[in-house]
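If you count by our numbering, then the sequence shown holds residues 1007 to 1712, one letter each, in order. Note that beta-carbon positions come from the ideal geometry of N, C-alpha and C, so glycine has one too.
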Amino acid sequence: MVMLLALIPVSSPGGAFTLQESPSPNHVGSQMYDYQIYVASPNSTAGGDGFLTTKEPQSGGQEEIVVSDETAQFKSPRMLTDLSVLGYNGLVRIKMFHTVEASNPGVNATYTFTLVNGGSSWSDTLRIEACERTLFNSCPVLEASAEISIPADGFDIEDDEQLVLEISADMEGCQDQGGSGLPVNSDCSATIFFNDIEGTSDHTKIEFKSNALSESLLIVQRDGAELIDGAQLEWFPNDSPDNRIMQFRFQVESAFGRFDINSVRLSLVDPSGIMKVDQPLSDSLEGVDDTSWAISGMYDWEYSRGSMTPGEYLPSLEVTDIQGHTIVIEHDDLVMKQFGVSILHGDDVDRSVEYIAPSQITVIPLQLQHRGSSGQLDVDLQVITNFNSNWNVSFDAPGGYLLNEGGAIVNPILTIESPQDLRNAPPQLVIRAVGEAIVDGGPEIVATETLYLDLEKVDTYASPLTSIWNENRTQQYDNSSRPDSFDTSVPRFVEDGDFTVFIMEIWNNGFDEDEFRIDILERSKAIIQIVDNDTGVVIVEDLTDGTYHTDSINRHMTEVLQIRVKPSGDRDDPDQGLIRFEVASEGNSSKVSEVEFTVQRTFGVRAEPVFDCDSVPLGTVNQTTCSDGMSMRIRVTNSVVDSSTSTNWRLINPADLQRNVDSDESYSQWEFKIVDNSGDSIPYLTLAPQQSGEVTLEIDPPDQVE
């Protein structure tokens, strides 16, 4: 269903990292540290009767459990990484604060301490005589120690697992003979105290050797590299700016959690022991994330050209934890090289493609640079690609090129003369640069570098790639390389009496430079001007062939033109019409492309659907797919430019518009409502020049219409 909505002026009043693996260049080392694992108040996430943590309890008061009545179970957090545990000569130390009390003498408590790791456990027992409690004698909190034997090589707590300490006590002698000779129960108990224990600065805790930061990561890379790319160990003092940026990628995490990490500092030490980088890492730096589980991210550091002496540089992370350990995350040495050569495309360092055409000469500019620190470098360039005898491939200096110091640059030229038959042309051009220097009195190859360029076969002259855009080049209307991707029948507004600007882009897809001829095949009775977008000069029609000629366009370059369209001034002419262009190669007139678009003449106002009840295509609705009734939202724009006053635009009901009735008489029987955002009828819109407003058209056809 297609219909028209008329808008008529009635007045014009004034008016917004998780790293997955650890590559090999970083390592924490084999150093293990003394850890004190405190028994603190229970943690709801970890579970258990108490929390095993590296954080010293300093608040929350004293906690206690009568372990003669129940087994106390203390749990660590779930480990974020694997944690290796070593004992002291195979022994894990347990220190506890406790009381063993009884109302009569001769009572003993046997404590059992059990470390649980997954399906493995290790235990030790400790027998302690009870303190006899009387009305006048209370029992003090005492300190006791035990040692649990574990494997000599320790054990590993896997990530997402917990370390568990269980403590229980069996009481002996809690029954005594009364005066009648019968046993009577004695009041006796064994109690463990933990968290912030009263009367002491010490704590119930476990002691062993470990390194909770052993899974942390440091890797030095080129700027923009991904983790999978690995480390970059070789660097050059006079490299290109992008290659002088060191990307320090890091992830510092403790098996116990983020709370265990106190500070992180990145350093880079030069061969003389001078600190080139000394940077604390926190989330105040761009690229650094400080989360609930780790400090991670990337820190970029660029060294200036020629500022780095050759030799070995040591990068590292120095991490301190809340127990005062200083753990160094080391990295393999970075080597700053004395000699180095780079070879790049001379026109564009990022270019990876060159073009060949039948019987044509391809000239490839190159750039050679001594990117090392110092010393003379003789460079020999070699074409590794195998060209047969029909090709002529040569450098402009067959004897080689001299780079007399670090940072020196020369610009070789490689010339490739192609045969007529390119069927066996190699797909890739490989050029190797081999640098030789005098080392210890004799010549030695000290640097090699290889440049890879894909070879793409093209015709000497080719059909241009032509596209049509709106004036701001934000919306494309047609493209000769993929015409099926565009609906060129969609109308593009052109104001009556004015030139509306469209953009044409012509891309020379051939090997050689070329001029192009533009022929207007259909013009919809419009006046059309073609203008050079850069200079604003109108391109005049060539009287000899009736086309418009572009300037010469270099290979794989784009010419941008303005297509200015002024619609017919005859009101009897159709408001819609097709404009179609043919763009032909001057070098080979059979190489052509076509583009087209449809224009819609407007008279101070334009309206277009921006939403309808069945979405696609906009402006066409189907009663069977619009369950809540047929409707469409319409944007109305005052297209007047040369005015400073607002205009009242009357909204005519489609049933009353003669053009709709002439198209289909049944439209006069339909019910239409034009409403605003509140659902109220709206007879007109007041719009300033270039201002837009929206209305909703509700459609209720007769019952027999689908």
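1. For V1008, is the classification buried or exposed, using 16 other Cβ atoms within 10 angstroms of its Cβ as the cut-off for buried?
2. Considering only the beta carbon of each residue, do D1355 and E1240 sit closer than 8 Å?
3. Do you know how far the Cα of V1073 is from the Cα of V1098?
4. With distances taken from CA atoms, which of F1214, A1468, E1521 is nearest A1158?
5. Cβ of N1417 within 8 Å of Cβ of Q1373?
6. So, with DSSP's three-state summary, where would you put V1667?
7. Run the CB neighbour count on T1472, radius 10 Å, all protein chains shown included, and call it buried at 16 or more, exposed below.
8. Taking 8 Å as the cut-off, decide whether the C-beta atoms of E1172 and A1078 are in contact.
9. Going by C-alpha distance, which of Y1554, L1527, K1572 is nearest I1533?
10. Taking only three categories from DSSP, how would you classify F1265?
11. Three-state secondary structure (DSSP) at D1235?
12. Please determine, among R1577, E1308, P1111, the residue with the shortest C-alpha to C-alpha distance to D1248.
13. Express the C-alpha separation of P1048 and E1259 in angstroms, rounding to a whole number.
14. Between which two residues does the beta strand (DSSP E) containing E1700 stretch?
15. Classify N1594 as helix, strand or coil using the three-state DSSP reduction.
16. Return the residue from the list G1279, S1379, G1263, F1256 that minimises the CA-CA distance to V1270.
17. Tell me whether A1136 is buried or exposed, calling it buried when 16 or more other Cβ atoms sit within 10 Å of its Cβ.
18. Could you name the residues of the same chain whose beta carbon sits closer than 8 Å to that of I1509, not counting the 5 residues immediately before and after it, in chain order?
19. Roughly how many whole angstroms lie between the Cα atoms of I1445 and N1244?
20. What is the DSSP secondary structure of D1055, reduced to helix, strand or coil?
21. Which of helix, strand or coil does DSSP assign to A1300?
22. Buried or exposed: which applies to D1548, given that a residue is buried once 16 or more other Cβ atoms fall within 10 Å of its Cβ?
23. Just to confirm my understanding: we take E1178, look at its own chain, exclude 5 residues before and 5 after, and list those with CB closer than 8 Å. What are they?
24. Using 8 Å as the threshold, is the C-beta distance between D1384 and E1292 below it?
25. Nearest by alpha-carbon distance to Q1675: which of Y1039, K1343, V1667 is it?
26. Is the CB-CB distance between T1564 and L1584 below 8 Å?
27. May I have the straight-line CA-CA distance separating D1662 from S1574, to the nearest angstrom?
28. Looking at the structure shown, is S1530 part of a helix, part of a strand, or coil, going by DSSP?
29. What separation, rounded to the nearest whole angstrom, lies between the Cα atoms of A1468 and E1521?
30. Which partner residues does W1128 have in the DSSP bridge list?
31. Any idea what DSSP makes of A1613, helix, strand or coil?
32. Suppose contacts are defined by Cβ-Cβ distances below 8 Å. Is M1800 in contact with E1164 by that definition?
33. Could I get the ranges of all uninterrupted beta strand (DSSP E) runs contained in the region 1191 to 1236, with 3 residues as the minimum, in chain order?
34. Beta strand (DSSP E) containing T1060: first to last residue?
35. Should S1090 and D1166 be called a contact, given that it needs their Cβ atoms to be closer than 8 Å?
36. Output the distance between the C-alpha atoms of S1028 and D1235, rounded to the nearest integer angstrom.
The answer reads as follows:
1. Only weak support is given to the placement of V1008: the predicted model assigns it a pLDDT of 42, under 50, and the question is left unresolved by the model.
2. Before going further, note that residue 1355 is Val rather than Asp in the sequence given. E1240 is positioned such that its CB atom lies no closer than 8 Å to that of V1355.
3. Between V1098 and V1073, the C-alpha separation is close to 21 Å.
4. For A1158, the nearest C-alpha among the options comes from F1214.
5. Cβ distance < 8 Å, so N1417 and Q1373 count as in contact.
6. Note: V1667 maps to helix in three-state DSSP.
7. By the neighbour-count rule (16 or more Cβ atoms within 10 Å), T1472 is buried.
8. Yes, Cβ-Cβ distance for E1172 and A1078 is below 8 Å.
9. Per the Cα distances, K1572.
10. Shown here, F1265 sits in a helix according to DSSP, grouped into three states.
11. In the displayed model, D1235 falls within a helix according to three-state DSSP.
12. Closest option to D1248, Cα to Cα, is E1308.
13. Those two C-alpha atoms are separated by around 23 Å.
14. Per DSSP, E1700 belongs to the beta strand (DSSP E) from 1698 to 1706.
15. In the three-state reduction of the DSSP assignment, N1594 falls in the coil class.
16. For the set G1279, S1379, G1263, F1256, the Cα lying nearest the Cα of V1270 is the one of F1256.
17. Around the beta-carbon of A1136, 16 or more other beta-carbon atoms lie within 10 Å, marking it buried.
18. In chain order, I1474, W1475, N1476, E1477, R1479, N1539, V1566, L1567, Q1568, I1569 place their CB closer than 8 Å to the CB of I1509, counting only its own chain and leaving out the 5 sequence neighbours on each side.
19. Ile is not the amino acid found at residue 1445; the sequence shown has Val there. So the alpha carbons of these two residues sit roughly 20 Å apart.
20. Three-state result, D1055: coil.
21. In the displayed model, A1300 falls within coil according to three-state DSSP, outside both helix and strand.
22. Around the beta carbon of D1548, fewer than 16 other beta carbons lie within 10 angstroms, which makes this residue exposed.
23. Around E1178: V1113, N1114, A1115, T1116.
24. Taking a C-beta distance under 8 Å as the contact criterion, D1384 and E1292 do not qualify as a contact pair.
25. Closest in C-alpha terms to Q1675, from the list Y1039, K1343, V1667, comes V1667.
26. Between T1564 and L1584, the CB-CB gap reaches or exceeds 8 Å.
27. So the two alpha carbons sit approximately 27 Å from each other.
28. Reduced to three states, the DSSP call for S1530 is coil.
29. Per the coordinates, the alpha-carbon of A1468 lies some 11 Å from the alpha-carbon of E1521.
30. For W1128, DSSP records a beta bridge to L1121.
31. Correct three-state label for A1613: strand.
32. This structure gives no information on residue 1800, because the portion of the chain shown stretches from 1007 to 1712.
33. The region 1191 to 1236 contains these whole beta strand (DSSP E) runs: 1194 to 1201, 1211 to 1216, 1223 to 1228.
34. For T1060, there is no enclosing beta strand (DSSP E), as DSSP marks it with neither H nor E.
35. Contact flag unset, no.
36. Model confidence at S1028 stands at a pLDDT of 42, short of 50, so the residue's coordinates are unreliable; what they give is reported in the following sentence. Whole-angstrom Cα-Cα distance: 12 Å.
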